[in-house]
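Residue numbers (the working numbering): 957 to 1430. To start, the structure under review is shown below, and the notes come after it.
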Amino acid sequence: MDQPTATAPAERFTAPGAWRHGLRYGLMGLPLAFVALPLYVILPHHYARSFAVPLAALGAVLLAARLFDAVLDPLIGRWTDRQFARSHRAVLAAGGAAAVVLALGLWGLLFPPAATRADASTVLVWAGVLMAITCAAYSVASVAHQTWGTRLGGSEAQRSRISAWREGLALVGVLTAAVLPGTLGLDATVTAFAALLALGWWSWSGAVAPTTRAPAQGTPQQQLAAHRSPGRPQNGGTPSGGPAQPGLGAKTHPLAQPRFVRLLLVFVVNGTASAVPATLVLFFVQDRLQAPARIEPAFLATYFLCAALSLPLWVRLVPRLGLARTWLMGMALSVAVFIWAATLGAGDVAAFLIVCALSGIALGTDLALPSALLTGLVDELGERGQREGAYLGWWNFAAKLNLALAAGLALPLLGAFGYTPGARDPQALWTLTVAYCLLPCGLKLLAAGLLHTLLIRPARPAATSLSSPLKALP
């Protein structure tokens, strides 16, 4: 662990040699993103194809397991804040224990014991129970890691560097997970994940540790006056990179903050729109496009590689358009691309590669901008250094809700309208196309409308500021 110095923790990420600090903290994001693809994309397809599990039953089980996991996230966030209050070593110990459970859980999910494969109901029970345990372990590790980075604080540039290291390495993890299953198989995928998880935790244990923030002093009126003092920057930063003074948001439940709830609503609707095609992409590729199995890794790799490469481009647009308007552009691009995807049919492999590239570019906004809006809001509410875990717990709850809704809605609807894996009937394939392409478009348009209404359209002319789009929230 780095020895304490006079340098603020976040300043080390912009000082000479900052890449070492970024790598130490961000590397844990690689295996945590790596495991998401097997859990949420490969697993439904694997159980449907390998164990002949009915789609409706599979969707119901995954929905229940993911909802259980999502409900735990706010509790995990509060518990993480208590671990930080104890010591950073307590946080690392919790993250290490969760990593062990996570590695074992993924292995058990992808390779259920022979005794559980006798019938579909038994394997579904196994999948539901183990999915709930594995996802809970994932939540502990990911909330602790995200909260660690958020607590480092600093200026906007410093916070951007910290987030960029975590999200950039996360995309490397997703790319690795997209290629390994189709090239080396699921055995090698799980083995690689366990090794990367151990390496990530070891690196995290040597990362810059956030400083403990003292509780606010003074009356609520004094705290509010300090929060609104003329010396406080209006761009979501803090004087001299120091912590913000708590305002009205301090010690208030996150869901009692109207601005947080509105941002969360946009995040949920938009995230569900992205999670539906993620759940159905392999069905679409194999049945609608009838693409060879060897091409599947190329689709996923193109999607996530373009998302990674697009991040610097979207970030450069933010100073000109603001975070919210840039995010809106990504939503519009995604809708246009998926409308085009609905016109594709058997053999359109090259066209779908372009769809993957363009939708990956649109994904870049979903990866970078919502969390940046959240970080700025937490800072403006005066909660930085105290209760980031509480906000991130509800944020991760919303992200899990997206995935649960995607599996719980899309898979049963497909089964109800006559689609089964391997179908070639035109009506069944049209049902798959509607679920994969057009349903996400409708949800994206709804998210765009909410984004424009709640974040972009200013409630008061004086609140308009591209550098601080959160102030436009009514």
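From the three backbone atoms N, C-alpha and C, an ideal C-beta is built for every residue, glycine too. All values reported here derive from a predicted model rather than from experimental measurement.
According to the DSSP assignment, D1143 belongs to the alpha helix (DSSP H) that extends over 1142–1160.
The beta carbon of T1072 sits closer than 7 Å to those of T1078, V1079, W1082, all from its chain and outside the five residues before and after it, given in chain order. Inter-residue distance for Y981 and G1374 is about 47 Å (C-alpha atoms, whole angstroms). Taking 9 Å as the cut-off, the beta carbon of I1317 is found closer than this to the beta carbon of A1263.
Under the three-pair Cβ rule at 8 Å, the segment 1344–1354 does not count as touching the segment 975–992. Apart from sequence neighbours up to five positions away, the residues of its chain that approach F1353 with a beta-carbon distance below 6 Å are A1026, D1029, P1030, ordered along the chain. Measuring C-alpha to C-alpha distances from S1119 to each of G1338, A1307, L1309, W975 identifies W975 as the nearest. When rounded, the separation of the alpha-carbon atoms in M1287 and E1339 is 29 Å. Ranking I1412, W1157, L1136 by CA distance to the CA of A1148 puts L1136 first. Relative to S1327, the option among S1266, I1310, S1095, L1220 whose CA is nearest is L1220.
For D1243, the number of other beta carbons within 10 angstroms of its own is at least 16, and it is reported as buried. Pairing V1225 with L1289, the inter-Cα distance amounts to about 16 Å. Looking at A1212, V1293, D1335, the one whose alpha-carbon comes closest to that of S1315 is V1293.
If you draw a straight line from the Cα of A1020 to the Cα of G1084, it comes to about 8 Å. Judged by DSSP secondary structure, E1339 falls outside any alpha helix (DSSP H); it is assigned neither H nor E. Residue P994 holds the alpha-carbon nearest to the alpha-carbon of L1256 among L979, L1402, G1301, P994.
The continuous stretches of alpha helix (DSSP H) do not include Q1246, and DSSP gives it neither H nor E. Annotation for A1008: A1076 place their beta carbon closer than 7 Å to its own, counting only its chain and skipping 5 residues before and after. Annotation: W1063 to L1411 spans about 42 Å, alpha carbon to alpha carbon. With fewer than 16 other Cβ atoms inside 10 Å of its own Cβ, R1380 counts as exposed.
For I1089, the enclosing alpha helix (DSSP H) covers residues 1076–1107.
One alpha carbon belongs to Y1392, the other to A1234, and they sit about 9 Å apart. Here A1306 is exposed, its C-beta having fewer than 16 other C-beta atoms within 10 Å. Put simply, of G1303, L986, W1296, A1324 the residue whose alpha carbon is nearest the alpha carbon of A1313 is W1296. In this structure D1143 is exposed. Its beta-carbon is surrounded by fewer than 16 other beta-carbon atoms within 10 angstroms. Looking at the backbone, the Cα of G1015 and that of L1395 are separated by about 17 Å. Residues of the same chain with a CB within less than 7 Å of the CB of P1069, apart from the 5 flanking positions on each side, do not exist.
Taken through DSSP and simplified to helix, strand or coil, F1373 comes out as coil. Between V1099 and G1141, the C-beta spacing is not below 9 Å. Counting every other CB atom within 10 Å of its CB across the protein chains shown gives G1061 a total of 16 or more, marking it as buried. Here V1217 is exposed, its C-beta having fewer than 16 other C-beta atoms within 10 Å. Straight-line measurement puts the Cα of L1388 at about 14 Å from the Cα of A1362. Segment contact: the segment 1126–1135 against the segment 1088–1107, fewer than three CB-CB distances shorter than 8 Å; contact not assigned. Inter-residue distance for L1086 and L1065 is about 7 Å (C-alpha atoms, whole angstroms).
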